[in-house]
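A quick write-up on the structure given underneath.
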Amino acid sequence: MAKPRKRRLLSKLKPRKQSKFERKMGKAPGTITYMGKREDSESVVNIMEYNQDELNTSNPSDINSIVAHRDPPLTSWVDIIGLADENFIELVGKRFGLNSLVMEDIVDTTQRPKIDEYDDYLFGVFKMLYIDEETSEIVYEHVALVLLENCVLVFQELEDDVFSGVRNRVKNQSGRIRTRGADYLFFALLDAIVDNYFVVLEYLNHRIETLDELVYQNPTQEIVQDIQDLKKQVLKVRRWISPVRELVGRLIDSENPLITKDTKVFLRDILDHSLEINESLQIYREMSMSLMEMYMSNMSNKMNEVMKVLTIMASIFIPLTFIAGIYGMNFDHMPELHWEHGYLMVWIIMIVLFIGMMVYFKRKNWL
Amino acid sequence: MAKPRKRRLLSKLKPRKQSKFERKMGKAPGTITYMGKREDSESVVNIMEYNQDELNTSNPSDINSIVAHRDPPLTSWVDIIGLADENFIELVGKRFGLNSLVMEDIVDTTQRPKIDEYDDYLFGVFKMLYIDEETSEIVYEHVALVLLENCVLVFQELEDDVFSGVRNRVKNQSGRIRTRGADYLFFALLDAIVDNYFVVLEYLNHRIETLDELVYQNPTQEIVQDIQDLKKQVLKVRRWISPVRELVGRLIDSENPLITKDTKVFLRDILDHSLEINESLQIYREMSMSLMEMYMSNMSNKMNEVMKVLTIMASIFIPLTFIAGIYGMNFDHMPELHWEHGYLMVWIIMIVLFIGMMVYFKRKNWL
Amino acid sequence: MAKPRKRRLLSKLKPRKQSKFERKMGKAPGTITYMGKREDSESVVNIMEYNQDELNTSNPSDINSIVAHRDPPLTSWVDIIGLADENFIELVGKRFGLNSLVMEDIVDTTQRPKIDEYDDYLFGVFKMLYIDEETSEIVYEHVALVLLENCVLVFQELEDDVFSGVRNRVKNQSGRIRTRGADYLFFALLDAIVDNYFVVLEYLNHRIETLDELVYQNPTQEIVQDIQDLKKQVLKVRRWISPVRELVGRLIDSENPLITKDTKVFLRDILDHSLEINESLQIYREMSMSLMEMYMSNMSNKMNEVMKVLTIMASIFIPLTFIAGIYGMNFDHMPELHWEHGYLMVWIIMIVLFIGMMVYFKRKNWL
Amino acid sequence: MAKPRKRRLLSKLKPRKQSKFERKMGKAPGTITYMGKREDSESVVNIMEYNQDELNTSNPSDINSIVAHRDPPLTSWVDIIGLADENFIELVGKRFGLNSLVMEDIVDTTQRPKIDEYDDYLFGVFKMLYIDEETSEIVYEHVALVLLENCVLVFQELEDDVFSGVRNRVKNQSGRIRTRGADYLFFALLDAIVDNYFVVLEYLNHRIETLDELVYQNPTQEIVQDIQDLKKQVLKVRRWISPVRELVGRLIDSENPLITKDTKVFLRDILDHSLEINESLQIYREMSMSLMEMYMSNMSNKMNEVMKVLTIMASIFIPLTFIAGIYGMNFDHMPELHWEHGYLMVWIIMIVLFIGMMVYFKRKNWL
Amino acid sequence: MAKPRKRRLLSKLKPRKQSKFERKMGKAPGTITYMGKREDSESVVNIMEYNQDELNTSNPSDINSIVAHRDPPLTSWVDIIGLADENFIELVGKRFGLNSLVMEDIVDTTQRPKIDEYDDYLFGVFKMLYIDEETSEIVYEHVALVLLENCVLVFQELEDDVFSGVRNRVKNQSGRIRTRGADYLFFALLDAIVDNYFVVLEYLNHRIETLDELVYQNPTQEIVQDIQDLKKQVLKVRRWISPVRELVGRLIDSENPLITKDTKVFLRDILDHSLEINESLQIYREMSMSLMEMYMSNMSNKMNEVMKVLTIMASIFIPLTFIAGIYGMNFDHMPELHWEHGYLMVWIIMIVLFIGMMVYFKRKNWL
Ligand SMILES: [Mg+2]
Ligand SMILES: [Mg+2]
Ligand SMILES: [Mg+2]
Ligand SMILES: [Mg+2]
Ligand SMILES: [Mg+2]
Ligand SMILES: [Mg+2]
Ligand SMILES: [Mg+2]
Ligand SMILES: [Mg+2]
Ligand SMILES: [Mg+2]
Ligand SMILES: [Mg+2]
Ligand SMILES: [Mg+2]
Ligand SMILES: [Mg+2]
Ligand SMILES: [Mg+2]
Ligand SMILES: [Mg+2]
Ligand SMILES: [Mg+2]
Ligand SMILES: [Mg+2]
Ligand SMILES: [Mg+2]
Ligand SMILES: [Mg+2]
Ligand SMILES: [Mg+2]
Ligand SMILES: [Mg+2]
Ligand SMILES: [Mg+2]
Ligand SMILES: [Mg+2]
Ligand SMILES: [Mg+2]
Ligand SMILES: [Mg+2]
Ligand SMILES: [Mg+2]
Ligand SMILES: [Mg+2]
Ligand SMILES: [Mg+2]
Ligand SMILES: [Mg+2]
Ligand SMILES: [Mg+2]
Ligand SMILES: [Mg+2]
Ligand SMILES: [Mg+2]
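Protein chains in written order, with the working numbering: chain A, 93 to 459; chain B, 93 to 459; chain C, 93 to 459; chain D, 93 to 459; chain E, 93 to 459.
Structure below.
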């Protein structure tokens, strides 16, 4: 009996569109397939080369002048914006000696955050989170970082703003960034990504507080949808953010020569922040559960109130109507009907009954 | 008192059919008993032998030409389709030197995913998951992989399609598969199995999204059944998929000489994907719980609405009916009845009452 | 205020019977106290001695001929059935050199599963689970295994059937059991116990499926009791079964010379099965929670339906009755009463109202 | 809006009494402050000195004859009853060479169970649990054990009964206690404490079973209070009991020379029991949750029944009353009123309607 | 459909104020930015220098006389109150050789509790919790401790009272504090912070007990808000307190030469207390969940009672009113109307019906 029913509901399913995953199936691992939505974007390259005294910036478009920055005397930050051009990414990857699995992950925008250590480079994938001003949704941007000796490669989908603070510090020689090597640059970029998470957390916090007020003032079914939507957003954000903690922890414990001991002290600062972020997400999760509980208790409260009104009205007037019904009967012999004060007496009885019921409900605290 | 009742319900239990497990009880461990449903299928053997320059395929039916591929100069992929012929499986197993427990597990389609290391081979059991197009159920196929030196044995129940991508890559010399040994083939097969899991995850995701819409539009008891069915499917899928993560992790950490260091980099790619899969399953689990919560809140919302209609109708008309009842009484002396505008006045009173109630309910936001 | 109330309820508590635990309190550890229910049973001893070529069975009743099997050239299986005779157990234990704590645990039928390693023997306690055909309850039997060099002692409460498969294999020389030592016998007995757990799991699974159907067809309060009873059974079974996993895992990792490397491969097979059992129990647990959720949603669905019927009936007829009441009033001057088609018009008004309400409820999807 | 409301509720809070914790604040760690309730009790000292052949008991009141038992040729058990006399405790502690933190914890009756290893002694804090016969509450008594070489110090609040079994065994030379050293005495006392926990578990189990029956027979609001009270008791008991498991496990693994290898075998027996206790507490927790679920489902069941009665009564009689109302109208021209069998026909219509409704409700299974 | 709805609700969101986190974004790590609310406070410095024989106190305002206490022959406690003056903090930090990340965290009042080990100092951040007497909210104060050789730096926002006990002990030479070094001072300050947590726990406990009573006496929607508010406070407190446990545990296990073995015994005492605190917080969490369950069961209980009253009133009077209605009909031929005792008989029938219903409801236990 259950089976035919299920088919019926499933027939209502909208047809699934062919997914990117299916396109990728059967292909060799390491096949470079861009998984994002900005398929027509072109790749742009920004390069900054610096040490304590010097700073050169350039926007080379041919591959040879890009790769020239691989082993320079200066520290260089090669920023590649736009991941849809798979051939270009492959070219860059090959010339920088990256594993084909790394290249695959650079353009795989669904890849979860991770840090992989290879023989002479470190490869990290992270998510930058933004609040879309129009839809108020949380959107993410995939970013891949490669730390080579003296060089950091950054692959991202859009012109950045999360990294602009770091870029300014390099330009203005503020902080210690110009005095340190590529590993500090790698840290500074990761730090910028993690600092940005706090903005998203504040947005979530703000939504929870707003819902917390609304759920008391005017609990509608819309609120339930919003609460559930919030829960989903917390789940999604947790997925993109929470691995960072373990990754950074592992990086601190690793003995990779690319990360100097000085920089590890700074990575510990990121670790602090990711612990804090994970705790906040845990608390938001519990708070969104609380919101649902409050909604349900509020609903059951309202139901109670509705039922009380019904019960009071019915309990008072149904007996009175019965009495009126009695004296509306047409029997030949109903002596009360002929009493002089019969009508008055009925009124008195009714009023006494009415007051009695009111007192009863008052005592029960229903009024 | 509780006891007699329980027996009654249990008497409604359909008789259990004798299970395969009972058939197997008391038998020696290592007894080869096919536990699947395709009991009449015959075993077919496909063999591919290759190195960078050469590729031979064959379908031998006698056991000696199969075993001839055990230690060839080339890498060989021996694919055995159909597991019901226990004698044939035993013959193959013995000639390839497999432990009798391994042979038992090859045909034990209920065996959970695992990887066991033996002295000179690696044995893995996995599940391939498919969506049955007709019933929209998730079905699984048991597959056993044995990695020997230079040779991979594959045991499966049905003609494969999950592995067809790998087979094509071998045939077309695409990717690096022809240039590498048996361990890379083992990885490539496992990778094909895991890649396929994403298709199942997308199906689950699609079902959740569809239910998420239905639960608002038209929450019926059917929806509850569907939500619970979804929860069960997530549980089932989690059971077949989630062990892969730990297994692959252990394989990467093991020092088995059959797995080269180069291949471990690729296994790390599978590890990435199984982490992602486990996270997705966790999220689906929480979302199916959310669906149930939304259903319940929606139900209680609807109940509230029903009760409000009842309360409004009853609260308005019961008092009015009472008033009509009063003047339907037959007392001899009811002065109001003889007033010229008595009837009009009653109407006025009723209309005032009616409007008063409407205002009251409006204020309470019930209208 | 809460305190006097509580005492009232507690006074309804049936007096607790003096427990076995209280009897045991204050006694020295190692005091042999049978904790089971079959207090009048006598101990029977079955002995099988075998190697690849030879097999002797005997039922000695005096202690010396039992102990003679302690260090024989053959492998011997000493099976002691009936644990109530504390003196006999102590005699056997002392002659086989068992610690007094071991003897205590042999007859302590409440002891949870465990494996303890002593200097020259291994001591294990397990539970065999059965379905009582009459009450359909899950009952357990306490069994203790001692692995000495060349000898396995089995202590159990009842004539066994779980071990009959192993006994037959010894008798019929089937499998490899006659070619191996006491450690393989120990494994084979443990394997028989664990294999039997699958039968209990199938019973639980069958109950869940039956309840799953009933909960849709006819959700009564009896179903709730059954669901809760099921949850309790899953909890109980989990308690007796789930420690096996860790125990066997520890045994595989231990370096005890009593367990040969060959037998460890077989123990890994038991480990597989206990992992599977634990997963199943976890799934049953979640499913019994799902059952409860379904019951509750079904109940609230039914309530909704009841309320709709009430609301529809009341909302339709209360206003109509009010109209009838109006024209049942006895005012002198009610012009409508004297109109020629007054009665007809009232009917028309009522029918229009009736149809209007029906349309309204239809639109609300309540009909 | 929420803020002023909250203050109102908080104003209903009973004033908190100044707590012991506040008294202790700012004092140096190691300050001896008795935290229990029996502030006027005096300390009594019982001493037993024994070896296999000899047994001396004494009740010295001066500190020197107490300390004389510190390093005797015999094993001595110094039992100090009554902890309120802080000066006396300090005197004893100093003379036995105890750290001031140890002395603080001896009289800190809120201290959670723990075992601390010091250079030449072991210090343990445990809770003895009792059922208060009058209030049926679970009460606990704080006990501190110190294991020195050849000597065990016991600090407790009341004349003991948990330890009376051990004392009898020493007196009667039963078991092995007289043949072993101070570490075995330490174990025997801990064993007595843990054995006593089973009595408390049985009490909890008995309460759960009783509530399980009551919740079906007569689910009142009192039951909810009892279930919640039970949950709290399980939480409280878990807090006092569950650390024992880890503590004893750590003691077994430690290499402290005060604990001989022989005694560790006995500690493993305690470990067994604490595992069992923790499992039971976990099960009780889940059962008390089940009780609550059953209560809620029972309530919603009852509500359903109430609603059905209302709906049936209203649905049957409201339409009938409407019909009666129709023919109670006073129109001049109502032909039915003048038909000879009009009254009979109305009765027939009503009876048909009545039967129709009954059949309808029967079919819906509401009757 | 869901999307436009969501935007509507979001439009109700109050605009978020620009946060401190956004101000800090893009800045270099180690930038000293005060994150607290007391932005206009000035820094005050109290210094105590002591050994067993000597005690000097001073309030220097110039930086050189502060730093003079860095390496004195005595132990010095430098207490800096007021963190808003970022320049001053930087000056102090630099002169004491602190890392810029440490200085950042000293003034970052949102920093979670932590202990970081640097080459020649230990840096700890903790939270002091207070009950704000006016709002009855739990407020926290950020405090940073730095342990150098012979010197402890304390950074806090307000004039302290948590540390006044320690200060008194130093002044009065009570306890052992004057006889020990800086590490003992560090411990004593941490101990004072942790001791204070018990006061907060008692406040939470008191609130739970009060709500526990209120939830039975008068469960209003306000109670729900209070319960949820309590849950949030427990979450918040857990966040600030619970890391302490792990931090102190790690400190005990570390081999930092700044912490002597003697002081580790005292740190173990703090560890004890943090274990206890974490357990209490866990129990409070479960109790606040219990409170919510009790509220919900109480609500559903009340609803049941309301429904019973309605059902009883309606079920009794609706049939009676129907009977009255029957004899209010105006048929020409209604023989009962003309019977001499017709009216009496109707009364008798009604009274019998009434009594019957009462008995029925009594039997159902509804009265
Ligand atoms: Mg692939
Ligand atoms: Mg990927
Ligand atoms: Mg960008
Ligand atoms: Mg940062
Ligand atoms: Mg920091
Ligand atoms: Mg919560
Ligand atoms: Mg078997
Ligand atoms: Mg199997
Ligand atoms: Mg296949
Ligand atoms: Mg893949
Ligand atoms: Mg990858
Ligand atoms: Mg990939
Ligand atoms: Mg005992
Ligand atoms: Mg025992
Ligand atoms: Mg036991
Ligand atoms: Mg048996
Ligand atoms: Mg088996
Ligand atoms: Mg197997
Ligand atoms: Mg579930
Ligand atoms: Mg203190
Ligand atoms: Mg304490
Ligand atoms: Mg005592
Ligand atoms: Mg014991
Ligand atoms: Mg034992
Ligand atoms: Mg629950
Ligand atoms: Mg920053
Ligand atoms: Mg910070
Ligand atoms: Mg302060
Ligand atoms: Mg303290
Ligand atoms: Mg202490
Ligand atoms: Mg609870």
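Yeah, the Cβ is synthetic: ideal placement off N, Cα and C, and Gly gets one too. Owing to the predicted nature of the structure, the values given are computational and were not obtained by experimental measurement.
In the DSSP annotation of this structure, L190 (chain A) is not part of any beta strand (DSSP E), being labelled neither H nor E.
Annotation for S150 (chain B): the continuous beta strand (DSSP E) segment containing it runs 147-150.
Separation of N143 (chain C) and H298 (chain C) (C-alpha to C-alpha, rounded to the nearest whole angstrom) is 42 Å.
In the three-state DSSP reduction, F255 (chain A) falls in the coil class, being neither helix nor strand. In its chain, beyond the 5 residues on either side, A284 have a beta carbon closer than 7 Å to the beta carbon of G257 (chain E).
When the five nearest sequence neighbours on each side are left out, the beta carbons in the same chain lying within less than 8 Å of the beta carbon of R331 (chain E) are those of R204, in order along the chain. Between V170 (chain E) and V137 (chain E) a beta carbon distance of about 7 Å is seen, short of the 8 Å cut, so the two are scored as contacting.
Of the candidates B:N151, B:S380, B:L445, B:M127, the residue whose Cα lies closest to the Cα of L327 (chain A) is B:S380. Considering only beta carbons, the part of the region 413-447 of chain B lying closer than 7 Å to chain A consists of T413, F414, G417, I418, G420, M421, N422, F423, D424, H425, M426, in chain order. Residue contact check for K400 (chain B) against chain A: a CB pair falls below 9 Å.
Per DSSP, reduced to three states, the secondary structure at L350 (chain D) is coil, with no helix or strand assignment.
Interface with chain D (9 Å Cβ-Cβ cutoff): Q374 (chain C) is excluded. Close to N191 (chain B), with beta-carbon spacing below 8 Å, are these residues of chain C in chain order: V357.
Given a length threshold of 4 residues, each whole run of the alpha helix (DSSP H) inside the region 192-252 of chain C is given here in chain order: 192-199. Segment contact: the region 177-190 of chain A against the region 147-158 of chain A, three or more CB-CB distances shorter than 8 Å; contact assigned. Burial of Q317 (chain C) is indicated by the presence of at least 16 other C-beta atoms within 10 angstroms of its C-beta.
Against chain E, the CB of G174 (chain A) has no partner CB under 9 Å away; the residue lies outside that interface. At a cut-off of 9 Å between beta carbons, W332 (chain E) makes no contact with chain D. Note on H234 (chain A): 16 or more other CB atoms within 10 angstroms of its CB, so buried under the neighbour-count rule. Interface residue (Cβ-Cβ distance to chain D less than 9 Å): E233 (chain E) is not classified as such. Of all residues in the region 195-213 of chain E, those with a C-beta nearer than 9 Å to a C-beta of chain A are E196, D197, T202, Q203, R204, K206, D208, Y210, reading in chain order.
Assignment of N143 (chain B) by DSSP, reduced to helix, strand and coil, places it in the coil class. Shown here, T123 (chain C) sits in coil according to DSSP, grouped into three states, outside any helix or strand.
Contact check for V254 (chain D) and N310 (chain D): beta-carbon distance about 37 Å, past the 8 Å limit, so the pair fails to qualify. V137 (chain A) is bridged by DSSP to A:I172. In this structure, M391 (chain D) keeps its C-beta atom at 9 Å or more from the C-beta atom of I319 (chain D).
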